[in-house]
Amino acid sequence: MDGYKLGVVETRFAELIWQHEPLTSGELVKLCEQELQWKKSTTYTVLKKLCEHGIFQNENGTVTSLLSQEGYNAVQSEKFVEDTFDGSLPAFLAAFTTRKSLSEKDIAEIQRMIDRCGKE
Numbered sequence: 009m010d011g012y013k014l015g016v017v018e019t020r021f022a023e024l025i026w027q028h029e030p031l032t033s034g035e036l037v038k039l040c041e042q043e044l045q046w047k048k049s050t051t052y053t054v055l056k057k058l059c060e061h062g063i064f065q066n067e068n069g070t071v072t073s074l075l076s077q078e079g080y081n082a083v084q085s086e087k088f089v090e091d092t093f094d095g096s097l098p099a100f101l102a103a104f105t106t107r108k109s110l111s112e113k114d115i116a117e118i119q120r121m122i123d124r125c126g127k128e
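Using our numbering, you'd call the opening residue of the sequence shown number 9 and step up by one each time.
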């Protein structure tokens, strides 16, 4: 993926694929007609665009993801921290916690992630 950020409608489209994959391009057209009220041409245009960005592929009429929803979210999160906090996760956490308290559960989960990273 080239750092492309999905718009609101593209996100809904991508979520449909992630929820139903693998699916045929014909199934995707029907799904988009039902869920987004799109015509066939709109579905194929958006699919082609997201395939060009390396998020999905349409091989032999079967649509699958090249990047999972979790993977896409991870890339977007990394880009946000990089662009906004010069790549500093501690700076992001400091900014985040100035307006929102972390619960004991959040703190424990963050500590587990830190411990796991320290062992790798």
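Cβ coordinates follow ideal geometry from the N, Cα and C atoms, glycine included. Note that the coordinates shown come from a computational prediction; the quantities given were computed from them, not determined experimentally.
Whole angstroms is fine: what's the gap from residue i's alpha carbon to residue j's?
{"i": "Ala99", "j": "Glu43", "result": "40 Å"}
{"i": "Gly126", "j": "Arg120", "result": "10 Å"}
{"i": "Pro30", "j": "Lys108", "result": "39 Å"}
{"i": "Val16", "j": "Thr51", "result": "15 Å"}
{"i": "Asp91", "j": "Glu41", "result": "37 Å"}
{"i": "Val54", "j": "Thr32", "result": "15 Å"}
{"i": "Phe88", "j": "Glu18", "result": "19 Å"}
{"i": "His28", "j": "Leu39", "result": "9 Å"}
{"i": "Lys56", "j": "Gly34", "result": "14 Å"}
Checking the sheet assignment: what are the DSSP bridge partners for residue i?
{"i": "Thr72", "result": "Gln65"}
{"i": "Thr32", "result": "Thr70"}
Am I right that residue i and residue j are in contact with their C-beta atoms under 8 Å? What's the rounded C-beta distance?
{"i": "Val71", "j": "Leu36", "result": "5 Å"}
{"i": "Ser73", "j": "Trp26", "result": "6 Å"}
Residues in the same chain with beta-carbon distance under 8 Å from residue i, minus the five sequence neighbours each way, listed in chain order, please.
{"i": "Glu23", "result": "Gln77"}
Is residue i near the ligand PLP, judged by its Cβ being under 7 Å from some heavy atom?
{"i": "Asp91", "result": "The ligand PLP is not part of the structure shown, which contains no ligands of any sort."}
request  = Evaluate contact between the stretch 60 to 77 and the stretch 101 to 117, counting only Cβ atoms and requiring at least three cross-stretch pairs below 8 Å.
outcome  = no
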